[in-house]
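**Q** Protein chains in written order, with the working numbering: chain S, 1185 to 1400; chain V, 1185 to 1400. Pasting in a structure now, in structure tokens, and then I'll have a few things to ask.
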């Protein structure tokens, strides 16, 4: 009975890691859809999001049943409560990847991103995807140093976003209002994906050390 | 013992309602800070957010202790898990109100909003604040019909946001890129506050009826 219970606890971590991989794929594919003006790919990312939500609900229900049936001790309960928060993070990250794809769909058949600004989206998409992957690794390894590294990757995202604002606010911005608004919102979506990866990493640190790292 | 326990459960709902009032005030004040170019008020809203986060952590800890000590039955456990999600919603809504105030601070001493677009922000701020208040009422009353009404108020927010995009994307937009980017992000923040209010209402419906209403 206890053995099965510990298998079920592990199983939840495995599910969380798997959801993280799904989100990473969604971030990569939505970025590609934007950069290659690929409507089919954008639609696929948008359609796949409901599958992630369904997985999230299933994991939540498993957590709920474990808490209800097993009256977990403090450490295990902390892990299960953290898992609920991480499921919420992951569902939200999936939504944000779908938002990126929706901008690609909205502007199709035109590209949403001016050719000379593609590097901005490429970089933000790449940093966001890397942070999601790192969060997945950290759920698996429970490696505190690796979890802390995610916060430093987030500094890269902040720099990219400042750089993006600097370009848009320049008086010589040649791309008009629509491109600026799209870029501002896309930047916000990638930044939020990164924030959720940081938040997941902080929860892993808390589970391992018992202390919540200070917010950035 | 059981009586104290039920008092503690009620106490958590009271705390959630109180947090909702704090968020409502933050939304109103941040909108005022934007519209009256009031740096002091913007700073106050930004500074007050850490207090909301501290309250949120305190409520989370209370929920955690109740689950750990009382091994709540299914309905009570559902309520407590929903409370954790609502705390997360409320903390996030507070962050978003602070983001609104940060745009007022960033543009100070200039107004962030062109005079002839103030009505847009006024309307979005008002609808967001009303939805937050409604969410607080619903936590208190557990009134399913009132909870469903929040979703219909959210349609107002969607219309305001479409209207805002229509104005910004018009070729004759006279306010330049900076104002458009600020407005796009502000619109996003208000929209997200509204989304969280809807999400809280849906959780109340679930607690009362046992069925999760379909996502919008």
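Even glycine gets a Cβ: it sits at the ideal position worked out from N, Cα and C.
In chain order, what residues of the same chain have a beta carbon less than 7 Å from the beta carbon of residue 1204(S), not counting five sequence neighbours either side?
**A** Only 1274, 1316, 1319, 1320 and 1323 meet the Cβ criterion.
**Q** Give the interface partners of residue 1352(S) over in chain V, defined as CB-CB distance under 7 Å, in chain order.
**A** Going along chain V in sequence order, the residues near residue 1352(S) (Cβ under 7 Å) are 1361 and 1365.
**Q** Need the endpoints of the alpha helix (DSSP H) that residue 1396(V) sits in, please.
**A** That residue, residue 1396(V), is in no alpha helix (DSSP H); it is neither H nor E in DSSP.
**Q** Pick from 1304(S), 1345(S) and 1375(S): whose alpha carbon is nearest that of residue 1218(S)?
**A** Nearest of 1304(S), 1345(S) and 1375(S) to residue 1218(S), Cα basis: 1304(S).
**Q** Note down the Cα distance separating residue 1227(V) from residue 1234(V), rounded to an integer number of angstroms.
**A** Their backbone Cα atoms lie some 12 Å apart in a straight line.
**Q** Spell out whether any CB of chain V is found under 7 Å from the CB atom of residue 1252(S).
**A** Yes, residue 1252(S) lies at the interface with chain V (some Cβ there is under 7 Å from its Cβ).
**Q** So, does the CB of residue 1258(S) fall closer than 7 Å to a CB anywhere in chain V?
**A** Yes, residue 1258(S) lies at the interface with chain V (some Cβ there is under 7 Å from its Cβ).
**Q** Between residue 1236(S) and residue 1278(S), how many whole angstroms is the CB-CB distance? I'm expecting something under 8 Å.
**A** Contact holds; Cβ gap of about 4 Å.
**Q** Are residue 1364(S) and residue 1361(V) close, meaning C-beta to C-beta below 7 Å?
**A** Against a cut-off of 7 Å, the Cβ pair of residue 1361(V) and residue 1364(S) comes out as a contact.
**Q** Verify whether the separation of the beta carbon atoms of residue 1328(V) and residue 1392(V) is less than 7 Å.
**A** Result yes, Cβ atoms of residue 1328(V) and residue 1392(V) sit closer than 7 Å.
**Q** Could you tell me whether the Cβ atoms of residue 1146(V) and residue 1281(S) are closer together than 7 Å?
**A** A question about residue 1146(V) goes unanswered here, because the residues of chain V that appear run from 1185 up to 1400.
**Q** Taking all protein chains shown into account, decide if residue 1220(S) is buried (16 or more other Cβ within 10 angstroms of its Cβ) or exposed.
**A** Its Cβ having fewer than 16 others within 10 Å, residue 1220(S) is exposed.
**Q** For the region 1298-1325 of chain S, which residues have a CB atom closer than 8 Å to at least one CB atom of chain V, in sequence order?
**A** The residues in question: there are none.
**Q** By the criterion of Cβ-Cβ separation under 8 Å, what are the contact partners of residue 1248(S) in chain V?
**A** Those are 1261, 1262 and 1265, listed as they occur along chain V.
**Q** Could you tell me if residue 1187(V) is buried or exposed, where buried requires 16 or more neighbouring beta carbons within 10 angstroms of its beta carbon?
**A** Residue 1187(V) is exposed by the Cβ-count criterion.
**Q** Using C-beta distances below 6 Å, list every residue in its chain close to residue 1344(S), excluding the 5 sequence neighbours before and after it, in chain order.
**A** These residues qualify, in order along the chain: 1307 and 1308.
**Q** Distance, Cα to Cα, residue 1161(V) vs residue 1200(V)?
**A** Because chain V is modelled from 1185 through 1400, residue 1161(V) falls outside the range shown and cannot be assessed.
**Q** Give, in chain order, every residue of the region 1266-1280 of chain S whose Cβ lies closer than 9 Å to some Cβ of chain V.
**A** Listed in sequence order: 1268, 1269 and 1272.
**Q** Taking residue 1193(V) as the reference, which of 1229(V), 1269(V), 1256(V) and 1212(V) has the closest Cα?
**A** When each option's Cα is compared against that of residue 1193(V), the closest is 1256(V).
**Q** Measure the alpha-carbon distance for residue 1382(V) versus residue 1261(S) and round it to whole angstroms.
**A** Looking at the two C-alpha atoms, the distance is approximately 28 Å.
**Q** Can you list, in chain order, the stretches of the alpha helix (DSSP H) that have 4 or more residues and sit fully within the region 1297-1330 of chain S?
**A** Runs found: 1302-1325.
**Q** For the region 1242-1303 of chain V, list the alpha helix (DSSP H) runs that are entirely contained and at least 4 residues long, ordered along the chain.
**A** As far as the region 1242-1303 of chain V is concerned, its whole alpha helix (DSSP H) runs of at least 4 residues are 1258-1291.
**Q** For residue 1298(S), which residues in the same chain have their Cβ closer than 6 Å to its Cβ, ignoring the five residues on either side in sequence?
**A** The residues are 1359 and 1363.
**Q** Determine the direct distance from the alpha carbon of residue 1212(V) to that of residue 1313(V), and round the result to whole angstroms.
**A** Using only the alpha carbons, I get a separation of about 6 Å.
**Q** Give me, in chain order, the residues of the same chain whose beta-carbon lies closer than 6 Å to that of residue 1214(S); leave out the 5 immediate sequence neighbours on both sides.
**A** 1229, 1281, 1284 and 1285.
**Q** Which term fits residue 1240(V), buried or exposed, when burial requires 16 or more other beta carbons within 10 angstroms of its beta carbon?
**A** Answer is buried; the Cβ neighbour count reaches 16.
**Q** Can you give me the C-alpha to C-alpha distance between residue 1311(S) and residue 1368(V), rounded to a whole angstrom?
**A** So the alpha carbons of these two residues sit roughly 23 Å apart.
**Q** Are the Cβ atoms of residue 1334(V) and residue 1266(V) separated by less than 7 Å?
**A** No.
**Q** Could you please give the first and the last residue of the uninterrupted alpha helix (DSSP H) stretch that includes residue 1190(S)?
**A** Here the alpha helix (DSSP H) through residue 1190(S) covers 1186-1220.
**Q** I'd like the list of long-range same chain contacts for residue 1376(S), defined as Cβ closer than 6 Å, with 5 residues on each side in sequence excluded.
**A** Closer than 6 Å at Cβ, skipping near neighbours: 1280.
**Q** Less than 7 Å between CB atoms is the rule here; does residue 1285(S) satisfy it with respect to chain V?
**A** Taking Cβ atoms only, chain V never reaches closer than 7 Å to residue 1285(S), which makes this a no.
**Q** For a contact meaning CB atoms closer than 8 Å, what does residue 1372(S) contact in chain V?
**A** Those are 1369 and 1372, listed as they occur along chain V.
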